[in-house]
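As given, the protein sequences belong to chains A and B, one line each in that order.
Numbered per my numbering, the first sequence finishes at 262, counting up by one with no gaps.
Numbered per my numbering, the second sequence finishes at 791, counting up by one with no gaps.
Glycine residues also receive a C-beta, built at the ideal position from the N, C-alpha and C atoms.
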Amino acid sequence: MNHIVCLAYVPDTETKIKIGADGKSIDESDVKWIVSPYDEYALEEAIKTKETKGGTVTVVTFGPAKADVGLRECLARGANEAVRIAADGLAQVDSLGVAKLLAAAIKPMPFDVLWLGNKGVGTDAQTLVPMLAEFLDLPHVNLVTKLEWKDGAVTCWREIEGAKEVVETPLPALIAAQKGLNEPRYASLKGIMAAKKKTIAVKTPADLGVDVAAVSGDKAAVRWTKLELPPARQAVKLIPADDPAKAAEELLRLLRDEAKVL
Amino acid sequence: MKSIYFGEEHELFRQTVRQFVESEVAPHADEWEAARRIPRSIWRRMGEVGFLGILFPEALGGSGAGLFHALSFLEELPRSRMGGFCAAVSVQQFIATGALFRRGTDALRERYLVPSIRGEKVGAIAISEPDAGSDVAAIRTSAVRDGDEWVIDGAKTWITNGVEGDFYVVAVKTDRDAGTGGISLIAMDSDLPGIRTNRLQKMGWHSSDTAEIVFEGVRVPAANLIGRVNRGFYYIMETFAVERLVTAAIGIGSSILALEETRRYMESRTAFGRPLNRFQALRHRLADLATELEAARQLVYHTAWLLENGESAIRESAMSKLLATELNKRLVDDCLQFFGACGYVEEYPMERFYRDARVSTIVAGTSEIMREIVGKTDLDGVVFGPVEDEVSPAPPPSPGAPAFPAAPALPAPLPAPDGLAGFFRSLPSRVRPEKTAGWKSRFHFRFKGSSHPEWTVVIDGPSVTVAEGLDGAADCVVQSSEKVYLGIESGSQSAETAFLMGKVKVSNLSEMMKYVKAFRPVAGTPGRQ
Ligand SMILES: Cc1cc2nc3c(=O)[nH]c(=O)nc-3n(C[C@H](O)[C@H](O)[C@H](O)COP(=O)(O)OP(=O)(O)OC[C@H]3O[C@@H](n4cnc5c(N)ncnc54)[C@H](O)[C@@H]3O)c2cc1C
Chain A
1 MNHIVCLAYV PDTETKIKIG ADGKSIDESD VKWIVSPYDE YALEEAIKTK ETKGGTVTVV
61 TFGPAKADVG LRECLARGAN EAVRIAADGL AQVDSLGVAK LLAAAIKPMP FDVLWLGNKG
121 VGTDAQTLVP MLAEFLDLPH VNLVTKLEWK DGAVTCWREI EGAKEVVETP LPALIAAQKG
181 LNEPRYASLK GIMAAKKKTI AVKTPADLGV DVAAVSGDKA AVRWTKLELP PARQAVKLIP
241 ADDPAKAAEE LLRLLRDEAK VL
Chain B
263 MKSIYFGEEH ELFRQTVRQF VESEVAPHAD EWEAARRIPR SIWRRMGEVG FLGILFPEAL
323 GGSGAGLFHA LSFLEELPRS RMGGFCAAVS VQQFIATGAL FRRGTDALRE RYLVPSIRGE
383 KVGAIAISEP DAGSDVAAIR TSAVRDGDEW VIDGAKTWIT NGVEGDFYVV AVKTDRDAGT
443 GGISLIAMDS DLPGIRTNRL QKMGWHSSDT AEIVFEGVRV PAANLIGRVN RGFYYIMETF
503 AVERLVTAAI GIGSSILALE ETRRYMESRT AFGRPLNRFQ ALRHRLADLA TELEAARQLV
563 YHTAWLLENG ESAIRESAMS KLLATELNKR LVDDCLQFFG ACGYVEEYPM ERFYRDARVS
623 TIVAGTSEIM REIVGKTDLD GVVFGPVEDE VSPAPPPSPG APAFPAAPAL PAPLPAPDGL
683 AGFFRSLPSR VRPEKTAGWK SRFHFRFKGS SHPEWTVVID GPSVTVAEGL DGAADCVVQS
743 SEKVYLGIES GSQSAETAFL MGKVKVSNLS EMMKYVKAFR PVAGTPGRQ
């Protein structure tokens, strides 16, 4: 069984995000980048399945040259091959554009399962999964927390509001991993050493026959016009509780006059 | 990382180690410190992810990586927030197993090293004794050969992993009268009859078990001898440079973490209406510490680079250990000060950092011993190694036949009273022409207090002439005592030991290295082949 895992290289969830000078992009100078955690669940499941059922795992990303570090980490964990669609020097591409690029790269590759994280932790648009499934004409199951392989099909447990839904899909299919699916492994040092020797195939949008100008910058269907940071949290106000009655009164006053929630 | 030493794959490994340590080890720090032990499960887990065999070859289950991978690992270990954990792990991987790997038979490696790389066995190295710490030559624990076994009696102390460990590499005296030349290393299971252990209570390193070990008539198979008899001190020294580098790297990692915690605290704590990090008096001290740390770190990296390039780096590894651990001790003290009272209570990290840092200038060679080594190189002109690998690993014992001589091999007897003259006069007949081809060099030898104190040896391709007295301008001057020199020549004393102890001084090491290889040993004596 062959697997393709699409992954995003995103700012570490613990990074303090700063807004760039143009007010609509992220200042990337101090950002630490990581493979999106949901994509790690997808990768782990692909590698685990490969280890028991044979086959290969190929990782694909759309990103700038620095994303090679993320791809190499995936190789170190056990992926066989890596492909990067070069995003260097491109204007902002929206999810639709990314879906088109990924679909163009994946179409010629044979696979049984196409894996994604249920969402990236970058822009959190959560639109890539259905769009990619549509472009590749694949059945897709998202929010997957458990799988059972069958001959030419797979049973998936989906996490839905207050319940689990069990669905079956024929293969090939697109499966989007949800937290809880597995515990991603660490890259072993041996894996890291071996990954160093592998080459990452780099393709430009032109190589894939995608007119990137039509899906980026001003032509993108979704454009960022402004970014704002959430309001800074105020310092905690401690109310002395020597006299409970007075303290309650003070609390009410603060909630009414300062927080304006009453 | 922007560094000439570290590439992308080191960085990836470092991140992996950090993530592992922060999520699987650090959350248990309080619990393990209180329990004064590390659970077995974490050893196995580290074995699984390949953290315990960084430098060992893949054939033994290791990763076959280099020292800079080891440094990436070691600098992140302190994020466990337990000096004791760092100690236990580094002893197991870098200190207890070095001689086993280099000098042990395949059977010994299979029995102890392979499972320790997998995290299934924990190891200890037992050298120190109640009456012998810095002075390793003074150890008294003895091993006496009895048939196919060694019988071991004595006591060791301060042994990391000594209570919980599954195996020990023990330094024993196999020749009571021979000082460093009478020490051997023997590997053994820790649960043999006659072994008793006692856990010591310490100021810091609580999660690491530190043991007294008593050996009473402990019988160990003869084949458990590591390498050859009476070579133990030499084998211990082979691992010294790495051991010191390892301790230095943990000191660096501990200091990095302490500064990180301090910067965070100084940002959040206010006094007189300002965060602490706005006070110039504190900022400057923090800047000094950061500067010293950066300098120490670069020395550690340079030392690793020397070692990776085949240098013995005895001086630099001693300097690294000295600088990095002394700095760590002082740095955590200053950082604790910046925390005020919060530095002194257990809820904040500095209290344990402070206790844990203290021992680093004592273990793995005290600061005074490190200074002694630097003093010898820089004041006495002693040149340390690299000494030719004198002894090949012992052959595995063949089945049936007794593996080793029935009694420990004694050092070859010293030659007759005219020994020195005999050795020098025999040089022309022992020359290896293939080693001296195209080489011209003149050596002066001086032996204090000898009746034949001065010798000149002239090498000119295949022809070697020897004369008493000092003649012409020497390319290399060698100074020693008659006894030491004869000891080296007869194979009863290792040249490296003699260099290290400052008993041989050489003015031009590279010439001397050639010289050492240029002559066959005297017939019938063990030693250089
Ligand atoms: C927590 C802990 C873990 C340890 N783990 C191990 C282990 O796993 N295996 C093991 O074998 N040992 C271990 N040791 C022992 C350690 O290696 C010794 O403590 C160390 O070598 C010093 O020996 P000593 O304590 O006997 O001090 P001593 O040698 O008695 O020294 C006392 C003082 O005199 C100074 N001194 C000694 N000689 C000189 C000199 N020539 N010039 C100037 N000053 C000198 C020393 O620097 C020191 O300040 C451990 C120790 C500790 C505390």
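Residues that DSSP places opposite B:I475 in a beta bridge: B:K418, B:T459
Coil, strand or helix - B:P679 by DSSP: Bear in mind that a pLDDT of 44 at B:P679, under 50, signals an unreliable position, so the number given afterwards is only what the model happens to contain. Looking at B:P679 - three-state DSSP - the assignment turns out to be coil, as it is neither helix nor strand.
Residues sharing a beta bridge with A:P170, DSSP: A:A153
Other residues of its chain near B:I421: CB distance less than 6 Å, five sequence neighbours each side excluded: A386, A388, A473, I475
Proximity to A:P139 [Cα-Cα], best of A:K146, A:A125, A:T155, A:T145: A:T155
Neighbourhood of B:S517 by C-beta distance below 7 Å, restricted to the same chain and skipping five residues each side: L555, L589, N590, L593
Contact check, A:L208 vs A:L101, beta carbons under 8 Å: yes
Near-chain B residues of the stretch 38-63 of chain A (beta-carbon distance less than 9 Å), N- to C-terminal order: none
Burial state of B:F781, where buried means 16 or more other Cβ atoms lie within 10 Å: buried
Whole-angstrom C-beta distance between B:I414 and B:A433, which should lie under 8 Å: Contact flag wrong, Cβ pair sits at about 11 Å.
Amino acids of chain A, ordered along the chain, whose beta-carbon sits closer than 9 Å to that of B:T278: E73, A76, Y186, A187, S188, L189, I192
CB contact below 8 Å: A:K16 versus chain B: no
is_contact[A:K196, chain B] using C-beta, thresh 8 Å: yes
Exposure of A:A76, with buried meaning 16 or more beta-carbon neighbours within 10 Å: buried
Runs of alpha helix (DSSP H) wholly within the stretch 738-782 of chain B (minimum 4 residues, chain order): 744-752, 757-762, 771-780
Cβ of B:Q281 within 8 Å of any chain A Cβ: yes
Residue burial classification, B:P354 (beta-carbon count within 10 angstroms, cutoff 16): Reading off the sequence, residue 354 of chain B comes out as Gln, not Pro. Buried.
Given B:Q213 as reference, the closest of B:K583, B:S574, B:F541, B:R547 once Cα atoms are compared: Any property of residue 213 of chain B remains undetermined from this structure, which presents chain B solely from 263 to 791.
For B:S396 and B:T419, believed in contact at Cβ under 8 Å, the rounded distance: Actually they are not in contact, since the Cβ atoms of B:T419 and B:S396 sit about 14 Å apart, beyond 8 Å.
Contact with chain A by B:A350, beta-carbon distance below 8 Å: no
Contact with chain B by A:V222, beta-carbon distance below 8 Å: no
Meets three-Cβ-pair contact criterion under 8 Å: the stretch 705-720 of chain B and the stretch 680-689 of chain B: yes
Own chain, CB closer than 8 Å to B:E578, minus 5 neighbours either side, in chain order: L561, H564, T565, L568
Residues of the stretch 95-116 of chain A whose Cβ lies closer than 7 Å to any Cβ of chain B, in chain order: none
Own chain partners of B:F646 with C-beta closer than 7 Å, once the 5 adjacent residues on each side are dropped: S574, I576, R577, T639, F761, L762
is_contact[A:V69, chain B] using C-beta, thresh 8 Å: yes
Cutoff 8 Å: B:L274 Cβ touching any chain A Cβ: yes
Neighbouring residues, chain A, relative to B:G312 (Cβ below 7 Å): S188, L189, K190
Ligand 1 heavy atom lying under 7 Å from the CB of B:S396: yes
Cβ-heavy atom distance, B:S246 to ligand 1, below 7 Å: No answer is possible for residue 246 of chain B: the residues shown for chain B start at 263 and end at 791.
B:G627 CB to nearest heavy atom of ligand 1 below 7 Å: yes
Test: B:I401 CB closer than 8 Å to a CB of chain A: no
Contact test: B:A388 Cβ vs ligand 2 heavy atom, cutoff 7 Å: Of the ligands this structure carries, namely ligand 1, none is ligand 2.
DSSP-derived helix/strand/coil call for B:R536: strand
Proximal residues, the stretch 330-345 of chain B versus chain A, C-beta separation under 9 Å: H331, F335
Any non-hydrogen atom of ligand 1 closer than 7 Å to B:E505 Cβ: no
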